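Worksheet: one structure, shown below.
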Amino acid sequence: MGEAVSRVALVTGGSRGIGRAIAELLASAGHSVAVNYVSNASAADDAVRVIEAAGGRALAVQGDVGDETAVATLIDQVQDQLGSVEILVNNAGITRDDLIMRMKPESWDEVLQTNLRSVYLCSKAVMRGMLRARWGRIISVSSVAGVYGNAGQANYSAAKAGIIGFTKGLAKEVGSRGITVNAVAPGFIATDMTAALGEDTTSAAVERITLGRLGTAREVATAVGYLASDDASYITGQTIVVDGGLAL
Ligand code: NAP
Numbered sequence: 000m001g002e003a004v005s006r007v008a009l010v011t012g013g014s015r016g017i018g019r020a021i022a023e024l025l026a027s028a029g030h031s032v033a034v035n036y037v038s039n040a041s042a043a044d045d046a047v048r049v050i051e052a053a054g055g056r057a058l059a060v061q062g063d064v065g066d067e068t069a070v071a072t073l074i075d076q077v078q079d080q081l082g083s084v085e086i087l088v089n090n091a092g093i094t095r096d097d098l099i100m101r102m103k104p105e106s107w108d109e110v111l112q113t114n115l116r117s118v119y120l121c122s123k124a125v126m127r128g129m130l131r132a133r134w135g136r137i138i139s140v141s142s143v144a145g146v147y148g149n150a151g152q153a154n155y156s157a158a159k160a161g162i163i164g165f166t167k168g169l170a171k172e173v174g175s176r177g178i179t180v181n182a183v184a185p186g187f188i189a190t191d192m193t194a195a196l197g198e199d200t201t202s203a204a205v206e207r208i209t210l211g212r213l214g215t216a217r218e219v220a221t222a223v224g225y226l227a228s229d230d231a232s233y234i235t236g237q238t239i240v241v242d243g244g245l246a247l
């Protein structure tokens with residue numbers, strides 16, 4: 000294990016669910032953490048309070064990560080208040096599920112914008128600082144839907160598969176500059192997103208999971224924390240599946 004270095008991290012959608020667990024874990028590893036959110040200021044403030052109460056450093060930053068101007072503003076804010084982003088976690092995501100015959104173009108566009116365009120915009124916005132530092136970690140939250148596909152989620156599956164392709168392409172582009180680019184692909188994790196699925200869908204999912212239960216946000220966060228660490232310095236372009244054996 001290397002010596003712990005304190006860095007500046009940005010977690011998009013860090014106010015709730017998986018992103019929040021990632022923000023708390025990175026803060027507990029000694030990093031300063033920007034907690035991004037789009038509308039739920041009280042959840043983001045609460046995340047900051049919890050991190051500060053544990054002795055960490057955090058900052059809530061509002062901004063729609065699918066919007067170019069908003070991303071530029073939020074990255075500037077993090078830069079001014081915490082410093083140049085060294086660890087970027089592209090976690091923000093939404094679902095707009097429907098069968099393709101019924102799916103409205105707006106549902107396609109919203110999901111692609113929030114889940115995939117955001118990854119391009121945020122990665123681009125932190126790139127100059129990482130190239131200058133010759134060190135950087137970009138970790139994006141994909142999904143098993145992006146690896147295996149999910150009926151009723153063609154838009155979401157496309158965006159999450161897009162993250163995996165983006166990860167490989169960018170990894171090759173910046174590998175010689177000390178920057179690693181990876182993804183994690185969670186299965187069913189207990190958050191507000193999966194709570195919206197209802198009991199029948201959830202129990203049907205549990206039956207297919209080898210470990211026989213949903214995962215916790217922290218179980219995804221620990222994989223992200225590892226990829227963000229100096230210990231993962233020789234891993235790039237990869238997607239770690241964290242699904243309790245769903246896909247076995
Ligand atoms: P969640 O509980 O619904 O939280 C979503 C987070 O994203 C919130 O912090 C939300 O901010 C933020 N967000 C949404 N749209 C945004 C935007 N346009 N700009 C900035 N922030 C935005 O979701 P989750 O379950 O933790 O999921 C987190 C990530 O993991 C997503 O990418 C999701 O696709 C992926 N994932 C989840 C599961 C699962 O089972 N839960 C499985 C596989 C992959 P506000 O608080 O302001 O709304």
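The sequence shown begins at 0 in numbering that gives the first Met the number 0 and counts up one residue at a time. Every residue gets a Cβ at the ideal spot worked out from N, C-alpha and C, and that includes glycine. Only a predicted model underlies this, so the values are computations on that prediction, with no experimental measurement involved.
- Could you name the residues of the same chain whose beta carbon sits closer than 7 Å to that of R207, not counting the 5 residues immediately before and after it, in chain order? L245
- Query: Between S27 and the ligand NAP, is the CB less than 7 Å from at least one heavy atom?
  - Reply: no
- the ligand NAP heavy atoms versus the CB of R15: any closer than 7 Å? For R15, the shortest separation between its Cβ and any heavy atom of the ligand NAP lies below 7 Å.
- Query: If we call anything under 8 Å between Cβ atoms a contact, is Y155 one with N90?
  - Reply: No, Cβ-Cβ distance for Y155 and N90 is not below 8 Å.
- Item | Proximity test, I163 beta-carbon vs the ligand NAP heavy atom, cut-off 7 Å | no
- Anticipated Cβ contact below 8 Å, T209 with C121, distance rounded: At roughly 33 Å, the Cβ-Cβ gap does not stay under 8 Å, so T209 and C121 are not in contact.
- Task: Taking only the alpha-carbon atoms, compute the straight-line gap between D66 and S117 and give it to the nearest angstrom.
- Result: When only Cα atoms are considered, D66 and S117 end up about 7 Å apart.
- Message: Between which residues of its own chain and D44 is the CB-CB distance below 8 Å, once the five residues before and five after are set aside?
- Response: A59
- Opening and closing residue of the alpha helix (DSSP H) in which T201 lies: Going by DSSP, T201 is part of the alpha helix (DSSP H) stretching over E198 to R207.
- Excluding five sequence neighbours on each side, which residues of the same chain lie with their C-beta closer than 7 Å to the C-beta of G128? S83 and V84
- Message: Are there any heavy atoms of the ligand NAP lying less than 7 Å away from the beta-carbon of D191, as far as the coordinates show?
- Response: yes
- Residues of its chain near S219, where Cβ-Cβ distance is below 8 Å and the 5 sequence neighbours each way are ignored: It should be pointed out that residue 219 corresponds to Val in this sequence rather than to Ser. Answer for V219: I17, A20, I21, V140, V183, P185, I188 and V241, listed in chain order.
- Query: Given that a residue counts as buried once 16 or more other Cβ atoms are within 10 Å of its Cβ, and exposed if not, what is Q80?
  - Reply: exposed
- Query: Can you tell me whether S14 is buried or exposed, with buried defined as 16 or more other CB within 10 angstroms of its CB?
  - Reply: buried
- Segments of 4+ residues assigned as alpha helix (DSSP H) that fall wholly inside the region 156-236: Taking only runs of at least 4 residues, the alpha helix (DSSP H) segments lying wholly in the region 156-236 are 191-194, 198-207 and 216-227.
- Task: Taking only heavy atoms of the ligand NAP into account, decide whether any of them is closer than 7 Å to the Cβ of D108.
- Result: Shortest gap from the CB of D108 to any heavy atom of the ligand NAP: 7 Å or more.
- Query: Can you tell me whether DSSP reads D96 as helix, strand or coil?
  - Reply: D96: coil per DSSP, three-state reduction.
- Message: Given 7 Å as the limit, tell me if Y36 has its C-beta closer than that to any heavy atom belonging to the ligand NAP.
- Response: yes
- Query: Terminal residues of the continuous alpha helix (DSSP H) containing G145?
  - Reply: V143 to Y147
- Message: If you measure between the beta carbons of I138 and V223, is that distance less than 8 Å?
- Response: yes
- CB of D63 to nearest heavy atom of the ligand NAP: below 7 Å? In this structure, D63 has its beta carbon less than 7 Å from a heavy atom of the ligand NAP.
- Message: Under 7 Å: does the beta carbon of A160 sit that close to some heavy atom of the ligand NAP?
- Response: Checking the Cβ of A160 against the ligand NAP gives no.
- Query: Just checking my contact of G54 with K167 at CB under 8 Å: how many whole Å lie between their CB atoms?
  - Reply: About 37 Å separates the beta carbons of G54 and K167, which is beyond the 8 Å limit, so they are not a contact pair.
- Quick one: measure Cβ to Cβ for S142 and K159, integer angstroms, because I've assumed they're closer than 8 Å. 4 Å
- Message: Within 10 Å of its beta-carbon, does T94 have 16 or more other beta-carbons around it, so buried, or fewer, so exposed?
- Response: buried
- Query: Excluding five sequence neighbours on each side, which residues of the same chain lie with their C-beta closer than 6 Å to the C-beta of N149?
  - Reply: S156
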